[in-house]
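K.L.:
In my numbering, the protein residues as written are 454 to 655.
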């Protein structure tokens, strides 16, 4: 089922003007570079009553040749409950220039202490807290410290293909003429492409 409010062909000129499908290496490379530069994203999960909620998360690491993302979490937080019931997840990255990336996938909660040690950051103590019982101290052995590992299934993103000045000129031209500007690299990655990229890991 789809929604449309017109029978005009090519009714989304922004998409047709900006959509690109370069080589896989370029598509994935630009996505990874953008995610690393942003670092922070909004993580969307589904609650037990079916609502979608988001919260800001900081990237802690990458796997799967760079496309599967790792985040720190507290096992006692609501997001772990959400993911235990429904592993579907979305990550939304955005910068102040309006460039963005949306990654959808499946998440799992990782409590393996070797992996927690691998990605642990001392800054977690400030967020997790020390309960003063000698066990729940916010350190890597604190059982509350876990990882959320996101296995990417699809991704779409738009990053600028011009400088800020060049982009503004194109936008202004579009306002004046009604012609949609070509200012972004709008790209899509499906599950098959992402699996292919993972398989190329050395």
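Cβ atoms here follow ideal geometry from the backbone N, Cα and C, with glycine treated the same way.
Measuring straight from C-alpha to C-alpha, what distance separates residue 627 and residue 497?
P.N.:
For residue 627, the predicted structure reports a pLDDT of 46, less than 50, and the residue's modelled location is therefore unreliable. The matter cannot be settled from this model.
K.L.:
Which residues mark the beginning and the end of the beta strand (DSSP E) in which residue 638 is found?
P.N.:
Its beta strand (DSSP E) spans residues 637-642.
K.L.:
Just curious, the beta strand (DSSP E) that residue 506 is in, first and last residue?
P.N.:
Residue 506 -> beta strand (DSSP E) spans 505-516.
K.L.:
The alpha helix (DSSP H) with residue 482 in it runs from where to where?
P.N.:
Note, residue 482: alpha helix (DSSP H), 477-491.
K.L.:
Residue range of the alpha helix (DSSP H) that residue 538 falls in?
P.N.:
Unbroken alpha helix (DSSP H) run through residue 538: 531-538.
K.L.:
So the candidates are 586, 495, 529; which of them puts its Cα closest to the Cα of residue 548?
P.N.:
Ranking 586, 495, 529 by Cα distance to residue 548 puts 495 first.
K.L.:
On the three-pair Cβ rule with 8 Å, is the stretch 567-584 touching the stretch 496-510?
P.N.:
Counting Cβ pairs under 8 Å, fewer than three are found: no touch.
K.L.:
Can residue 604 and residue 532 be called in contact, C-beta distance under 7 Å?
P.N.:
Contact flag unset, no.
K.L.:
Hey, quick one: how far does the beta strand (DSSP E) through residue 589 stretch, first residue to last?
P.N.:
That residue, residue 589, is in no beta strand (DSSP E); it is neither H nor E in DSSP.
K.L.:
May I ask you to report which of helix, strand or coil DSSP gives residue 569?
P.N.:
Note: residue 569 maps to helix in three-state DSSP.
K.L.:
Can you tell me which of 517, 554, 504, 461 puts its alpha carbon nearest to the alpha carbon of residue 641?
P.N.:
Nearest C-alpha to residue 641: 554.
K.L.:
Along the chain, where does the beta strand (DSSP E) that runs through residue 550 open and close?
P.N.:
Note, residue 550: premise wrong, no beta strand (DSSP E); not H, not E.
K.L.:
Is residue 556 helix, strand or coil by DSSP?
P.N.:
Residue 556: strand per DSSP, three-state reduction.
K.L.:
Distance check for residue 482 and residue 510, CA to CA, integer angstroms please.
P.N.:
Their backbone Cα atoms lie some 22 Å apart in a straight line.
K.L.:
For residue 576, which of helix, strand or coil comes out of DSSP?
P.N.:
In this structure, residue 576 counts as coil in the three-state DSSP scheme.
K.L.:
Got a sec, what are the start and stop residues for the beta strand (DSSP E) residue 612 sits in?
P.N.:
Unbroken beta strand (DSSP E) run through residue 612: 598-613.
K.L.:
Hey, out of 637, 540, 645, whose CA is closest to residue 551's CA?
P.N.:
Ranking 637, 540, 645 by Cα distance to residue 551 puts 637 first.
K.L.:
Can you grab the Cα-Cα spacing for the pair residue 607 / residue 462, in whole Å?
P.N.:
Computed Cα separation, rounded: 26 Å.
K.L.:
For the beta strand (DSSP E) containing residue 523, list its first residue and its last residue.
P.N.:
Segment 521-527, the beta strand (DSSP E) holding residue 523.
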